[in-house]
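First the structure, in the form of C-alpha cells, and then the observations on it.
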Amino acid sequence: MFKHSLYRYAGVALLSTCLLSSCTTTKKYNALLAQKVKLEREKADCQSALSRTTRERSDLSKQVTELTEARAQLAADTSLLSNTLRKSQSVYADLSSTYDKLIKNHDRLMSNSALESSKLSKDLARREEELKKLNETLTKNRSQLDQLSSDLKSREERLNELERILAEKDKAVNALRTKVSNALLGFNSKDLSVDVRNGKVYVSLSEQLLFKSGSTKVDAKGQDALRKLAAALKDQQDVNVVVEGHTDDVPVARGTLGMQDNWDLSVLRATEITRILTSAGLAGTKITPSGRAENVPLDAAKTADARQKNRRTEIILTPKLDELFQILEAN
Numbered sequence: 003m004f005k006h007s008l009y010r011y012a013g014v015a016l017l018s019t020c021l022l023s024s025c026t027t028t029k030k031y032n033a034l035l036a037q038k039v040k041l042e043r044e045k046a047d048c049q050s051a052l053s054r055t056t057r058e059r060s061d062l063s064k065q066v067t068e069l070t071e072a073r074a075q076l077a078a079d080t081s082l083l084s085n086t087l088r089k090s091q092s093v094y095a096d097l098s099s100t101y102d103k104l105i106k107n108h109d110r111l112m113s114n115s116a117l118e119s120s121k122l123s124k125d126l127a128r129r130e131e132e133l134k135k136l137n138e139t140l141t142k143n144r145s146q147l148d149q150l151s152s153d154l155k156s157r158e159e160r161l162n163e164l165e166r167i168l169a170e171k172d173k174a175v176n177a178l179r180t181k182v183s184n185a186l187l188g189f190n191s192k193d194l195s196v197d198v199r200n201g202k203v204y205v206s207l208s209e210q211l212l213f214k215s216g217s218t219k220v221d222a223k224g225q226d227a228l229r230k231l232a233a234a235l236k237d238q239q240d241v242n243v244v245v246e247g248h249t250d251d252v253p254v255a256r257g258t259l260g261m262q263d264n265w266d267l268s269v270l271r272a273t274e275i276t277r278i279l280t281s282a283g284l285a286g287t288k289i290t291p292s293g294r295a296e297n298v299p300l301d302a303a304k305t306a307d308a309r310q311k312n313r314r315t316e317i318i319l320t321p322k323l324d325e326l327f328q329i330l331e332a333n
C-alpha cells in the first residue's frame, strides 16, 4: 500500500515537471514515458504482489485462527492430559505402594510358608512314625487277640468238659450216697448218718455204734454196719476211702494199753475199722486210715453231749478225679 502511494506521487511529480518544462525535449519525454510504463508495470506487479500478499494474509489469518483454535484445543487437551497425568501419577503411586506392600507380604508369607511347611513336614513325619508304631501295635494286639480267642475257645471247651465231668461226678456222688444210705437203712440215725459235703460222701458212725469207751475193738453191731458198707462199695472201683478217727478233748486214761494220748486212740480205731473193711472184701489200696484226735470237733462246747458228738469215726468216700485233674493240669 505504501509502495502504491509512492508510485502515484512520483507520476504526479513527473507530470508536473513536464508541464512546467514545456521545452522538454522529446528524448526526455520518451525517457519519462518509458519510465512511466516501467513504473506502471512495476505498479501492476506491485498490485499483483499486493493482491497475492492480501490473499496470503487472508490465508495466514485463517491459519492463525485455526492455529489459535488448535492451540486452545491443545491447551484444553493439555490441561485434561495434565489432570489425567496427575491422577495417573497418583494411581501409580498408590499402585506402587500397594505393590511394595504386596511384595513385603509375599516375602513374609513365603517365609512363614517355609517355616510352616517345615513344621508340617516334621509333624507329618512324626505322625507317620506314630502311625507305623500304632500299626505294629495293632498287628501285635491282633495276633495276641487271635491267640487269646483261640485260648478262650480252648478254655471254654475244657470248661464245658470240666462241667460235664463235675456233673457226672455230682451224679456219681449222689448215686453213691443213695446206695450207701440204702445199705445202712437199719441203723439208728443218731448213731449213723450219710451226708454229702464238698463233693464227698461222709458216713459218720458214733462211738456208741462202734466202740466201748477207750476201746479200739469194734462191737458186733458196728462190724455189721462196716460189712454192709464194704459190700456196697465193692463194685465202686473209682471211689477212694479215708477212715478218720475222732475223739473228744478228754485225755486217755493213764495206763491204757499201747496209747499215750488221743492221737493213738484215734489212729488205732481208724486202723481197726480199715481191717474190718478189707476183710469184708474192700481193696486195701483204696483205703487210707488216719487219726485226727480232738482237733476237728463237731461241737466245741465242753458238755457231755458235745463230747459224745465229737467221739466218732467218719468214713469219707471220694470219687476218683483223675480225668478232672488232667483237665485242670491242661489249664
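All residue numbers for the sequence shown refer to my numbering, where the first residue is 3 and numbers rise by one.
Built from N, CA and C at the ideal position, the CB exists for glycine as well.
This structure is a prediction, so every number in the text was calculated from the model and none was measured.
Original post:
What are the boundary residues of the beta strand (DSSP E) that includes residue 247?
Top reply: If you number the sequence shown from 1, residue 247 lands on position 245. Its beta strand (DSSP E) spans residues 241-248.
**OP:** Just the C-alpha distance for residue 63 and residue 69, rounded to the nearest angstrom, thanks.
**Re:** The residue labelled residue 63 in the question sits at position 61 within the sequence shown. The residue labelled residue 69 in the question sits at position 67 within the sequence shown. If I take the Cα positions, the gap works out to 9 Å.
Original post:
From residue 240 to residue 283, what distance separates their C-alpha atoms?
Top reply: Counting from 1 along the sequence shown, the entry for residue 240 is found at position 238. Counting from 1 along the sequence shown, the entry for residue 283 is found at position 281. Near 15 Å, if we compare the C-alpha coordinates of residue 283 and residue 240.
**OP:** Might you give, ordered along the chain, the residues of its own chain that have their beta carbon closer than 6 Å to the beta carbon of residue 208, omitting 5 neighbours on each side?
**Re:** Working through the sequence shown from its first residue, we reach residue 208 at position 206. Correct list, in chain order: 193, 314.
Original post:
Who does residue 314 pair with in a DSSP beta bridge?
Top reply: By 1-based counting over the sequence shown, the position of residue 314 is 312. BP columns for residue 314 point to 208, 248.
Original post:
Short check: CB of residue 272 to CB of residue 299, under 8 Å?
Top reply: Taking the first residue of the sequence shown as 1, we reach residue 272 at position 270. Taking the first residue of the sequence shown as 1, we reach residue 299 at position 297. The answer is no: Cβ separation not under 8 Å.
Original post:
Which one of 318, 321, 302, 183 has the shortest CA to CA distance from residue 312?
Top reply: Stepping through the sequence shown from its first residue, residue 312 is reached at position 310. Of all alpha-carbon atoms in 318, 321, 302, 183, the one lying nearest the alpha-carbon of residue 312 is that of 302.
Original post:
Identify the residues that DSSP records as bridge partners of residue 197: which are they?
Top reply: Counted from its first residue, the sequence shown places residue 197 at position 195. BP columns for residue 197 point to 204.
Original post:
Out of 36, 109, 246, 86, which has the shortest C-alpha to C-alpha gap to residue 318?
Top reply: Here the question's residue 318 lines up with position 316 in the sequence shown. Comparing Cα-Cα distances from residue 318 to each of 36, 109, 246, 86, the minimum goes to 246.
Original post:
How many angstroms separate the CA atom of residue 267 from the CA atom of residue 146?
Top reply: On the sequence shown, residue 267 is found 265 positions in, with the first residue counted as 1. On the sequence shown, residue 146 is found 144 positions in, with the first residue counted as 1. Their Cα atoms are separated by approximately 59 Å.
Subject >> Reference residue 168, options 139, 110, 202, closest by Cα >> reply: Position 166 of the sequence shown, counting from 1, holds the residue named residue 168. Of the candidates 139, 110, 202, the one whose C-alpha sits nearest the C-alpha of residue 168 is 202.
**OP:** For residue 252, collect the residues of the same chain with a Cβ closer than 7 Å to its Cβ; drop the 5 residues on either side in sequence, then sort them by chain order.
**Re:** By one-based count along the sequence shown, residue 252 stands at place 250. The residues 309, in chain order, have a CB closer than 7 Å to that of residue 252 in the same chain once the five nearest residues on each side in sequence are set aside.
Original post:
Would you report the Cα separation of residue 326 and residue 256, rounded to the nearest angstrom?
Top reply: Taking the sequence shown and counting its residues from 1, one reaches residue 326 at position 324. Taking the sequence shown and counting its residues from 1, one reaches residue 256 at position 254. With a pLDDT of 45 at residue 326, under the threshold of 50, the predicted position of this residue should be treated as unreliable, though the coordinate-derived value follows. When rounded, the distance between both Cα atoms is 48 Å.
**OP:** Kindly give me the distance between the Cβ atoms of residue 296 and residue 250, rounded to whole angstroms, as I take these residues to be in contact under 8 Å.
**Re:** Position 294 of the sequence shown, counted from the first residue, corresponds to residue 296. Position 248 of the sequence shown, counted from the first residue, corresponds to residue 250. Confirmed, Cβ separation roughly 6 Å.
Original post:
Can you name, in chain order, every residue of its own chain whose Cβ lies under 7 Å from the Cβ of residue 186, other than the five neighbours on each side?
Top reply: Here residue 186 refers to the residue found at position 184 when the sequence shown is read from its first residue. Once the five neighbours on either side are set aside, the close Cβ partners of residue 186 are 194, 196, 227, 230, 231.
Original post:
Mind checking whether the beta-carbon of residue 71 lies closer than 7 Å to any heavy atom of the ligand FMN?
Top reply: Summarising the ligand content, the structure contains no ligands, and the ligand FMN is consequently not present.
Original post:
Does DSSP put residue 277 in a helix, in a strand, or in coil?
Top reply: The sequence position of residue 277 within the sequence shown is 275, counting from 1. The answer is helix: DSSP assigns residue 277 an H, G or I state.
Original post:
What separation, rounded to the nearest whole angstrom, lies between the Cα atoms of residue 98 and residue 105?
Top reply: As a first step, residue 98 must be located in the sequence shown, where it is residue number 96. As a first step, residue 105 must be located in the sequence shown, where it is residue number 103. Roughly 10 Å separates the two Cα atoms.
Subject >> Among 220, 184, 243, nearest to residue 204 - alpha-carbon criterion >> reply: Here residue 204 is taken as the residue at index 202 of the sequence shown, counted from 1. It is 243.
Subject >> 8 Å CB neighbourhood of residue 269 in its chain, flanking five on each side removed >> reply: On the sequence shown, residue 269 is found 267 positions in, with the first residue counted as 1. Result list for residue 269: 247, 291, 292, 293, in chain order.
**OP:** From the DSSP output, read off the bridge partner residues of residue 295.
**Re:** To locate residue 295, count along the sequence shown from 1; it is residue 293. According to DSSP, which records beta bridges pairwise, residue 295 is partnered with 248.
Original post:
Quick one: Cα of residue 75 to Cα of residue 51, how far?
Top reply: Position 73 of the sequence shown, counted from the start, is the residue given in the question as residue 75. Position 49 of the sequence shown, counted from the start, is the residue given in the question as residue 51. Roughly 34 Å separates the two Cα atoms.
**OP:** Could you pull the start and end residues of the alpha helix (DSSP H) that residue 93 belongs to?
**Re:** Along the sequence shown, read from residue 1 onward, the residue named residue 93 stands at position 91. Run containing residue 93: 28-185, per the alpha helix (DSSP H) assignment.
Subject >> Extent of the continuous alpha helix (DSSP H) run through residue 229 >> reply: In the sequence shown, residue 229 corresponds to position 227, counting from 1. Here the alpha helix (DSSP H) through residue 229 covers 222-235.
**OP:** In angstroms with no decimal places, state the Cα-to-Cα distance between residue 131 and residue 137.
**Re:** In the sequence shown, the residue the question calls residue 131 occupies position 129. In the sequence shown, the residue the question calls residue 137 occupies position 135. C-alpha separation (whole angstroms): 10 Å.
Subject >> For residue 319, the three-state DSSP class (helix, strand or coil) >> reply: In the sequence shown, counting from the first residue as 1, residue 319 sits at position 317. Note: residue 319 maps to strand in three-state DSSP.
Original post:
According to DSSP, which residues form a beta bridge with residue 290?
Top reply: As a first step, residue 290 must be located in the sequence shown, where it is residue number 288. According to DSSP, which records beta bridges pairwise, residue 290 is partnered with 244.
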